[in-house]
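**Student:**
2 protein chains.
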Amino acid sequence: MKPTIKDIAARAGVSKTTVSFAINNPTRISKETCDRILAIVDEMGYFPNPVARTLTTKRLGSLGLLLPQPLPEVLNNPHLCDIISGIGEECEKRGLSLTMLPPVQGRIIEAARRAFVDAIVTIGVGPDHEVVDFLNSHGIPFVTIDGEETSSTVNVGIPDEKAAYDLMKHMLSLGHRKMAILCVKPDTKSIAENDHRSIVLEKRLSGFSRALNEVGLNLVAPDISLLETEGSLVGGKNAGEKLFVLEPGTRPTAIVAMADIIALGTYAAAREASLSIPVDISIAGFDDIEQSRYYEPALTTMHQSGRQKGQKAAGMAIELLNGGHPAHCSFPCNLIVRASTGPVPSRSASYKSS
Amino acid sequence: MKPTIKDIAARAGVSKTTVSFAINNPTRISKETCDRILAIVDEMGYFPNPVARTLTTKRLGSLGLLLPQPLPEVLNNPHLCDIISGIGEECEKRGLSLTMLPPVQGRIIEAARRAFVDAIVTIGVGPDHEVVDFLNSHGIPFVTIDGEETSSTVNVGIPDEKAAYDLMKHMLSLGHRKMAILCVKPDTKSIAENDHRSIVLEKRLSGFSRALNEVGLNLVAPDISLLETEGSLVGGKNAGEKLFVLEPGTRPTAIVAMADIIALGTYAAAREASLSIPVDISIAGFDDIEQSRYYEPALTTMHQSGRQKGQKAAGMAIELLNGGHPAHCSFPCNLIVRASTGPVPSRSASYKSS
DNA sequence: AGTGACTTGTAAACCGTTTTATAAATCATG
DNA sequence: CATGATTTATAAAACGGTTTACAAGTCACT
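Protein chains in written order, with the working numbering: chain A, 42 to 395; chain B, 42 to 395.
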């Protein structure tokens with residue numbers, strides 16, 4: 042069937058060793074022999090079995106991506122797709138393949154256990170997660186994306202606290218005081234093992250909180266509502282539907298979603314409720330995914346590049362694998378103000394009349 | 042570091058074989074010995090090295106997905122994401138991991154060569170593609186998605202010819218006679234080895250052609266323009282910008298895109314050109330991705346379920362692996378008429394005045 | 001007691017590579 | 001023309017498992 046090194050050796054009338062050298066260490070043998078063998082290799086379409094090779098070299102040629110959720114949910118989230126794109130790009134450049142490792146039986150660590158890769162990138166895994174211990178104790182090089190910068194992990198992320206602060210400042214400066222914050226709902230299984238989102242979520246909430254405090258509000262104020270939604274268009278739409286049935290007086294005048302995809306989902310709900318964006322309701326998101334520019338009105342959002350995060354993380358994982366010691370990396374992010382946020386509707390602007 | 046089977050054997054005072062049996066074939070040895078060994082396994086945190094195990098069992102526990110394009114392009118295409126979701130779902134159910142195999146040096150066959158997986162799913166690979174020969178001759182079980190139903194491949198798809206016919210009929214019944222058809226541009230490298238899109242594209246074009254013929258038109262008629270675009274939002278936007286600068290008399294009154302994502306990209310161009318959908322221009326797509334319902338106006342499209350195609354294909358690949366003989370599978374698809382298509386603008390409806 | 005059938009455990013071969021140690025052949029040099 | 005250095009090729013060990021074939025011990029039954 043698939044030719045092995047033995048077949049090549051037999052065909053060339055040499056030993057397995059010689060064939061191995063021809064492929065991995067050409068200077069070790071004479072040019073003629075090498076060329077002759079390589080020709081046969083080519084002719085028979087031989088390719089060294091990576092598994093067998095791994096047994097001795099300890100290199101498999103594959104990078105693993107430990108996903109926080111099942112694949113369908115991940116692929117529904119454009120920002121996560123961007124991250125994967127970045128990782129994929131880097132892998133391609135280095136000739137590695139990329140293995141997706143979604144939770145097994147709802148547990149990330151089980152996925153890590155059966156992972157069949159040289160190095161790992163995780164998304165949203167904090168330093169206290171059991172999988173961190175596992176990877177460290179087994180000496181598997183790994184880099185976390187959207188985790189924390191500690192001594193037991195190497196992380197790639199953005200300054201989420203500041204990002205959230207800036208975004209909230211923007212909303213407040215427009216006069217909004219009644220707001221809904223849409224968070225990604227961790228699926229139950231993930232919760233059990235320290236949901237990935239909680240890391241980023243906490244940082245952002247503390248950023249929001251800081252901005253709110255400056256105007257005498259806080260996250261538990263009656264006018265600030267925190268909603269959990271699925272991280273998808275439908276999730277956003279459902280959340281929007283719940284909010285938009287409220288009376289104009291009690292209804293939030295602004296929505297801040299933890300992901301653009303959620304924010305865009307609320308557009309559909311707003312349309313159904315005949316609310317105009319941004320006249321009746323202001324909406325903002327996080328991530329700045331491509332679509333956000335295409336929707337009408339274009340979405341105000343906190344820009345970050347998933348692609349960049351992915352690339353960097355993959356590069357760092359490979360660096361670790363090669364014995365390097367990459368440092369934590371935090372990419373800048375900036376607020377992109379587009380057409381979906383505007384001043385608070387005058388009627389709701391009770392603070393103005395004071 | 043990581044304990045091996047030898048360590049366990051030594052600690053338990055038995056042979057490697059016995060340990061192996063304790064793990065894989067417990068009935069083969071006495072219950073007591075088995076329990077004793079398993080206790081030690083647990084205590085030492087032993088986990089059989091999957092690489093070594095594979096060498097003899099020939100099962101890797103991983104399914105490979107041979108992608109037609111680099112990962113970033115694939116992940117930008119929601120329909121492809123849906124397919125991957127479906128495959129992922131099935132993999133998860135069976136406890137397999139999923140390895141992404143984008144073209145290596147622009148060649149799909151190179152990706153297949155270094156693939157180390159139990160079975161493969163391809164997207165858009167036709168029976169004449171070199172990789173089909175490769176996989177068949179190496180005895181690697183594989184299933185094609187959006188390929189062709191031949192004896193050398195097992196395929197999962199939809200009746201693309203009929204789908205295209207139905208969609209075109211819809212446009213024609215609305216009175217449209219000047220039309221632009223937006224096709225996915227195969228990236229140059231893929232062309233070199235028989236671009237994947239060509240399979241589906243050809244079927245669809247022949248479906249369009251059949252419908253056009255019924256009203257005395259054809260694909261090369263002056264009023265029918267065929268454009269190649271990138272399979273993304275930007276691709277659609279760019280194409281739209283080219284079309285919308287044309288004079289109202291020569292400008293197409295309808296756009297049919299080979300993918301929803303392209304169709305949605307033209308929305309932005311239409312908005313910039315102050316054209317109203319569907320009053321000034323009708324737009325339709327293929328796939329019925331989730332977003333298509335969320336854009337305003339909601340997109341008329343030919344529904345198909347990528348998720349379903351992916352699930353089925355993965356299931357069939359595994360069936361092949363287990364010695365089964367799954368049959369070709371063609372899923373039904375149906376036209377979803379939404380708000381983006383309407384009657385041809387009266388001024389352009391020259392055929393009416395005849 | 002002898003026979004055949006199970007149990008239970010093991011030694012050795014094997015999977016497809018790389019790597020190490022070694023042998024044989026060639027070459028340059030005093 | 002020995003001698004040591006350098007090339008070139010190889011046999012054998014290793015990697016960490018599984019599987020095959022076999023041996024020893026039990027057991028039941030004639």
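The beta carbon of each residue, even a glycine, is placed where N, CA and C say it ideally should be. Remember, it's a predicted structure, so these values are computed and weren't measured experimentally.
#1: Using a Cβ distance threshold of 8 Å, determine whether the stretch 171–184 of chain A contacts the stretch 350–361 of chain A, with at least three qualifying pairs required.
#2: 8 Å is my cut-off, CB to CB: does proline 113 of chain B come that close to chain A?
#3: Could you spell out the range, first to last residue, of the alpha helix (DSSP H) harbouring leucine 142 of chain B?
#4: Quick one: what's got a C-beta closer than 8 Å to isoleucine 128 of chain A's C-beta in the same chain, skipping five residues either side?
#5: Would you mind stating whether asparagine 117 of chain A and serine 273 of chain A have Cβ atoms separated by less than 8 Å?
#6: Using a Cβ-Cβ cut-off of 7 Å (strictly less than) and excluding sequence neighbours within five positions of glutamine 349 of chain B, which residues of its own chain qualify?
#7: My output table needs one value for phenylalanine 157 of chain B: the three-state DSSP class, helix, strand or coil.
#8: According to the Cβ coordinates, are alanine 221 of chain A and isoleucine 296 of chain A closer than 8 Å?
#9: For a contact meaning CB atoms closer than 8 Å, what does valine 92 of chain B contact in chain A?
#10: Here's a check: name, in chain order, each residue in its chain whose Cβ is nearer than 6 Å to the Cβ of lysine 210 of chain B, leaving out the five neighbours to either side.
#11: Please confirm whether arginine 238 of chain A has its beta-carbon closer than 8 Å to some beta-carbon of chain B.
#12: Quick check: leucine 362 of chain B and aspartate 48 of chain B, are their CB atoms within less than 8 Å of each other?
#13: Under a Cβ-count criterion, where at least 16 other Cβ atoms within 10 Å of its own Cβ denotes burial, should glycine 86 of chain A be classed as buried or exposed?
#14: CB-CB under 7 Å to histidine 217 of chain B, same chain, minus the five flanking residues each way: which ones, in chain order?
#15: Which residues does DSSP pair with methionine 209 of chain A in a beta bridge?
#16: Quick check on the DSSP output: the alpha helix (DSSP H) that includes histidine 344 of chain A runs from which residue to which?
#17: Under the assumption that proline 377 of chain B contacts aspartate 329 of chain B (Cβ atoms under 8 Å), give the Cβ distance between them as a whole number of angstroms.
#18: At the 8 Å Cβ level, is leucine 139 of chain B part of the contact set with chain A, yes or no?
#19: Just to make sure I have the definition right: I need the residues of chain A whose C-beta is within less than 7 Å of the C-beta of proline 143 of chain B. Which are they?
#20: Alpha carbons only, please: which of A/Arg69, A/Leu79 and A/Ile46 is nearest the one belonging to alanine 93 of chain A?
#21: Check whether the Cβ atoms of glycine 188 of chain A and valine 166 of chain A lie closer than 8 Å to each other.
#22: Counting only Cβ pairs nearer than 8 Å, list the residues of chain B close to histidine 179 of chain A.
#23: May I have the straight-line CA-CA distance separating asparagine 259 of chain A from proline 227 of chain B, to the nearest angstrom?
#24: Going by DSSP in three states, isoleucine 318 of chain A sits in which element: helix, strand or coil?
#25: Cysteine 122 of chain A versus chain B: which residues are under 8 Å apart at the beta carbon?
#26: At what residue ranges does the stretch 98–145 of chain B contain a whole run of the alpha helix (DSSP H), taking only runs of 4 or more?
#27: Select from the stretch 322–341 of chain A all residues with a C-beta closer than 8 Å to any C-beta belonging to chain B, and list them in chain order.
#28: Quick check: what's the CA-CA separation for proline 319 of chain B versus glycine 383 of chain B?
#29: So threonine 185 of chain B is in the beta strand (DSSP E); what residue range does that whole segment cover?
#30: Using a C-beta cutoff of 8 Å, does phenylalanine 88 of chain B count as contacting chain A?
#31: Considering only the beta carbon of each residue, do isoleucine 164 of chain A and leucine 223 of chain A sit closer than 8 Å?
#32: What does glutamate 269 of chain B pair with, by DSSP beta-bridge criteria?
#33: Could you work out which residues of chain A lie near arginine 379 of chain B, taking near to mean beta carbons separated by less than 9 Å?
#34: Return the residues of the stretch 277–294 of chain B that lie within a Cβ-Cβ distance of less than 7 Å from chain A, sorted by chain order.
#35: Pull up the CB-CB distance for alanine 63 of chain B and lysine 57 of chain B, whole angstroms please, since I reckon it's below 8 Å.
#36: How many angstroms separate the CA atom of proline 113 of chain B from the CA atom of aspartate 123 of chain A?
**Tutor:** Based on what the coordinates show:
#1: yes
#2: yes
#3: That residue, leucine 142 of chain B, is in no alpha helix (DSSP H); its beta strand (DSSP E) goes 138–142.
#4: Leu104, Leu106, Leu139, Val162, Gly351, Gln352, Ala354 and Ala355
#5: yes
#6: Gly127 and Phe372
#7: coil
#8: yes
#9: Val92, Thr95, Leu96, Leu101 and Phe157
#10: Ala252
#11: Model confidence at arginine 238 of chain A stands at a pLDDT of 48, short of 50, so the residue's coordinates are unreliable and nothing is read from them.
#12: no
#13: exposed
#14: Thr294, Ala295, Ser323 and Val385
#15: None; methionine 209 of chain A has no bridge partner.
#16: From DSSP, histidine 344 of chain A is part of no alpha helix (DSSP H) but of the beta strand (DSSP E) over 341–344.
#17: It should be noted that the sequence gives isoleucine, not proline, for residue 377 of chain B. Their Cβ separation, rounded to whole angstroms, is 6 Å, which keeps isoleucine 377 of chain B and aspartate 329 of chain B in contact under 8 Å.
#18: yes
#19: Gly129 and Glu133
#20: A/Ile46
#21: yes
#22: Met42 and Lys43
#23: 53 Å
#24: coil
#25: Leu116, Asn117 and Cys122
#26: 112–116 and 119–135
#27: Glu331, Gln332, Arg334, Tyr335, Tyr336 and Glu337
#28: 5 Å
#29: 183–186
#30: yes
#31: no
#32: B/Cys224
#33: Within 9 Å Cβ-Cβ: nothing; arginine 379 of chain B doesn't reach chain A, min ~13 Å.
#34: none
#35: With a Cβ gap of about 11 Å, alanine 63 of chain B and lysine 57 of chain B do not count as contacting.
#36: 7 Å
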